[in-house]
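Notes for the one structure printed next.
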Amino acid sequence: MFFKYSPIDIEDLVTFTRLHVRPMLILSSLQYVACPSGNFFLKELLTDRQKRTVLRTTMYHSVNWLKNAAFRRCVTWMDEEQEADGTLGGYHSSSFLWVFAKLALGYPRDHPEVERILSAIRQSLYQDIEDDFYHQQTCDAHIWNTALAMQALGSCGILTNSMTLRKAAQYLLAKQHRIPDRLMKNQGKQLGGWAFSSNNTCHPDVDDTVASLEALAPLADECAEAWWQGIDWLLSMQNRDGGWSAFEKDCNQYWLDWLPANDMKRAMIDPSTPDITGRVVEFLVNHKILSCWDARVRKAIYWLRNHQEADGSWFGRWGTTYIYGTWCAVKALVVVGIPSDDESLRKAKGWLLSIQMEDGSFGESCQSDLCGKYVELSFGLPTQTAWALDTLLYLYQLEVEPRIRQRLWLAAWRAASWLLKQGEKGRWHEEIPTGSGFPGALHIRYHIYPKVWPLIALNHFQKCFESVKRAPMKGGEQSVRPQTFEYVP
Numbered sequence: 001m002f003f004k005y006s007p008i009d010i011e012d013l014v015t016f017t018r019l020h021v022r023p024m025l026i027l028s029s030l031q032y033v034a035c036p037s038g039n040f041f042l043k044e045l046l047t048d049r050q051k052r053t054v055l056r057t058t059m060y061h062s063v064n065w066l067k068n069a070a071f072r073r074c075v076t077w078m079d080e081e082q083e084a085d086g087t088l089g090g091y092h093s094s095s096f097l098w099v100f101a102k103l104a105l106g107y108p109r110d111h112p113e114v115e116r117i118l119s120a121i122r123q124s125l126y127q128d129i130e131d132d133f134y135h136q137q138t139c140d141a142h143i144w145n146t147a148l149a150m151q152a153l154g155s156c157g158i159l160t161n162s163m164t165l166r167k168a169a170q171y172l173l174a175k176q177h178r179i180p181d182r183l184m185k186n187q188g189k190q191l192g193g194w195a196f197s198s199n200n201t202c203h204p205d206v207d208d209t210v211a212s213l214e215a216l217a218p219l220a221d222e223c224a225e226a227w228w229q230g231i232d233w234l235l236s237m238q239n240r241d242g243g244w245s246a247f248e249k250d251c252n253q254y255w256l257d258w259l260p261a262n263d264m265k266r267a268m269i270d271p272s273t274p275d276i277t278g279r280v281v282e283f284l285v286n287h288k289i290l291s292c293w294d295a296r297v298r299k300a301i302y303w304l305r306n307h308q309e310a311d312g313s314w315f316g317r318w319g320t321t322y323i324y325g326t327w328c329a330v331k332a333l334v335v336v337g338i339p340s341d342d343e344s345l346r347k348a349k350g351w352l353l354s355i356q357m358e359d360g361s362f363g364e365s366c367q368s369d370l371c372g373k374y375v376e377l378s379f380g381l382p383t384q385t386a387w388a389l390d391t392l393l394y395l396y397q398l399e400v401e402p403r404i405r406q407r408l409w410l411a412a413w414r415a416a417s418w419l420l421k422q423g424e425k426g427r428w429h430e431e432i433p434t435g436s437g438f439p440g441a442l443h444i445r446y447h448i449y450p451k452v453w454p455l456i457a458l459n460h461f462q463k464c465f466e467s468v469k470r471a472p473m474k475g476g477e478q479s480v481r482p483q484t485f486e487y488v489p
């Protein structure tokens with residue numbers, strides 16, 4: 001697996017999977033079994049074939065693994081991939097697997113290297129102040145959260161010279177990547193991207209780079225070098241098919257997802273996705289980095305239109321699921337000037353209006369990932385309602401047909417009203433995950449999402465509302481403003 005002439009090359013796998021596969025190979029090769037206090041835990045769940053004795057495990061430890069070239073390369077790679085704090089890419093799961101791998105290699109439990117990794121893992125222990133419980137995070141989200149918080153504050157009109165935004169911008173600039181991952185397929189390009197977590201220094205991703213650049217956009221002139229390095233890296237990550245993926249470039253050998261070892265599915269490769277592609281295109285065109293007629297933009301839009309679902313939605317890889325993907329894709333189509341009567345937008349409007357709940361909210365189940373289609377929740381979620389509201393507003397601002405424009409505005413009004421009623425002292429709460437790590441297998445609850453996305457969407461709504469009040473009615477169009485409405489900034 002680690003040689004160029006092997007049927008499978010480690011470079012064919014996406015970054016986060018590579019970090020997990022290596023320690024798993026060590027554990028599998030040595031058939032390591034952890035026996036706390038010399039006893040098996042839950043041994044009644046093991047078959048006879050699985051109940052390896054301590055003697056047999058010790059025999060595997062006695063193998064001279066240094067004679068195996070592939071084994072040595074694996075261990076060397078793992079050591080080189082470790083961050084300064086000892087973690088692997090900042091991930092909790094890959095880090096504790098590396099702890100077990102070191103124990104399998106004969107490291108004592110009190111070895112400084114083992115203690116260093118465990119100490120770093122403990123740093124990701126999260127205390128939820130609102131609910132008063134502790135949770136072991138898969139990794140911290142400091143960069144992602146900081147970028148989103150800056151965007152939310154900026155949407156509220158907070159000036160860029162405020163101390164809060166200045167400090168946040170300095171933090172993001174300090175976290176821009178300068179150290180390349182040796183196995184990235186985009187080696188020829190100077191780095192300049194951002195990662196998700198604060199202790200990941202050599203695995204940048206497209207989504208966090210877009211979020212960070214969006215947050216830094218008001219300060220682009222002051223940080224021009226970092227700004228353009230980030231944009232250059234972002235442009236270099238476009239796949240041959242026209243889309244963008246999260247971590248890798250052209251990492252799309254779909255047959256790898258059918259390997260028997262891939263029990264989570266959709267974890268081996270990193271193909272283009274509608275959500276990432278949409279976010280990149282929207283950013284590039286919105287900030288006039290590329291024109292809507294640029295060949296790279298047209299290629300991405302062509303890819304997006306070809307990957308629309310039959311019902312009019314788009315799949316979202318990193319958010320739940322079709323509401324998220326549709327939000328990202330529609331914004332891209334709107335900013336490049338796709339006409340409102342285009343079939344792709346017409347179908348998207350029909351789908352979005354059809355899934356709005358009676359109370360005005362939107363809610364999608366994580367089951368959508370498993371079923372491969374939209375599955376409705378029995379109640380709305382603030383985050384997903386905010387995504388849908390923002391989508392409705394983009395469609396409304398583009399729409400020219402009065403009747404459809406009226407329907408979109410009324411739907412947006414109902415969604416905004418629901419958000420305002422649900423918010424308590426400027427905060428929203430939700431317990432259902434709205435993020436996706438591995439579709440259908442790992443869903444993520446972002447605690448910051450119900451704090452930032454409703455705020456961003458409502459500020460967008462306020463701007464549209466003010467423009468509606470100022471604009472004269474067109475022929476045959478009637479005001480859809482309800483008799484009572486209270487906007488709470």
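At position 91 of the sequence shown (counting the first as 1) the number is 91 in the UniProt record's numbering, and the numbers step up by one without a gap. Think of the CB as a built atom: it goes at the ideal place given N, C-alpha and C, for glycine as much as any other residue. Every value quoted in this text rests on a predicted model; they were computed, and no experiment measured them.
Which one of the options has the shortest CA to CA distance from residue i?
i	options	result
LEU326	HIS287, GLU358, TYR394	Checking the sequence shown, residue 326 turns out to be Thr, not Leu. Among HIS287, GLU358, TYR394, the Cα nearest to that of THR326 is on TYR394.
ALA348	GLN367, TRP314, TRP318	TRP314
MET323	ASP359, TRP387, ASP131	Note that residue 323 is Ile in the sequence shown here, rather than Met. Answer by Cα proximity: TRP387.
ARG240	MET357, TYR302, VAL285	TYR302
THR391	GLU358, GLY278, TYR91, SER291	GLY278
ASN459	LEU419, ARG445, ALA441, ILE448	LEU419
ARG296	LEU105, VAL281, GLN308	VAL281
ARG83	ALA120, LEU219, LEU105	A small correction: the amino acid at residue 83 is Glu; Arg does not occupy that position in the sequence shown. It is ALA120.
ILE129	CYS464, ILE158, HIS447	HIS447
ALA441	SER198, LEU370, PHE461	LEU370
SER11	GLN31, TRP77, ALA69	Checking the sequence shown, residue 11 turns out to be Glu, not Ser. Ranking GLN31, TRP77, ALA69 by Cα distance to GLU11 puts TRP77 first.
VAL33	ARG266, TYR91, GLY106	GLY106
SER95	TYR126, HIS135, MET163, ARG22	ARG22
SER436	ARG403, CYS464, ARG266	ARG266
THR273	LEU259, TRP255, ASP257, ASN306	ASN306
LEU165	MET150, LEU172, ALA174	MET150
In the structure shown, what three-state DSSP assignment does residue i receive?
i	result
ASP250	coil
ARG109	coil
ILE269	coil
LEU420	helix
GLY325	helix
GLN137	coil
TYR126	strand
GLN176	coil
HIS287	coil
ARG296	helix
ILE432	coil
ARG427	strand
GLN462	helix
PHE438	strand
LEU88	strand
GLN170	helix
GLY337	coil
residue 492	What the structure shows of the chain is the stretch from 1 to 489, and residue 492 is not part of that stretch, so it cannot be assessed.
GLY278	helix
GLN31	coil
ILE117	helix
Excluding five sequence neighbours on each side, which residues of the same chain lie with their C-beta closer than 6 Å to the C-beta of residue i?
i	result
VAL206	MET237, TRP244, ALA246, ILE276
GLY89	LEU19, ASN200, HIS203
ARG317	THR273, ASP275
For residue i versus residue j, is the C-beta spacing smaller than 8 Å?
i	j	result
THR201	ALA168	no
SER93	ILE143	no
ILE432	LEU389	no
SER467	GLU399	no
THR383	PRO450	yes
THR138	ILE117	no
LEU455	ALA152	yes
GLU248	THR15	yes
ALA217	HIS287	yes
GLN170	GLY192	no
GLY360	SER417	yes
LEU333	LEU304	yes
residue 567	ASN252	Absent from the structure is residue 567, since the part of the chain shown begins at 1 and ends at 489.
Keeping to the same chain, check which residues put their C-beta closer than 8 Å to that of residue i; ignore five residues upstream and five downstream.
i	result
SER368	THR320, THR321, TYR322, TYR374, VAL375
GLU401	SER340, ASP341
LEU27	LEU97, PHE100, ALA101, ALA104
VAL336	VAL281, VAL285, CYS292, VAL297, ILE301
GLN356	PHE362, ALA388, ALA411, ARG414, ALA415
If I measure Cβ to Cβ from residue i and keep anything under 7 Å in the same chain, skipping five residues before and after, which residues do I get?
i	result
LEU148	ALA211, ILE448, VAL452
CYS366	THR320, PRO433, HIS443
LEU352	THR326, ALA388, THR391, LEU392
GLN136	HIS92, SER124, LEU125
Alpha helix (DSSP H) runs contained entirely in the segment 181-241, provided each spans 4 or more residues:
206-216, 224-236
Which whole runs of the alpha helix (DSSP H) in the segment 349-409 are 4 residues long or more, in chain order?
367-371, 382-398
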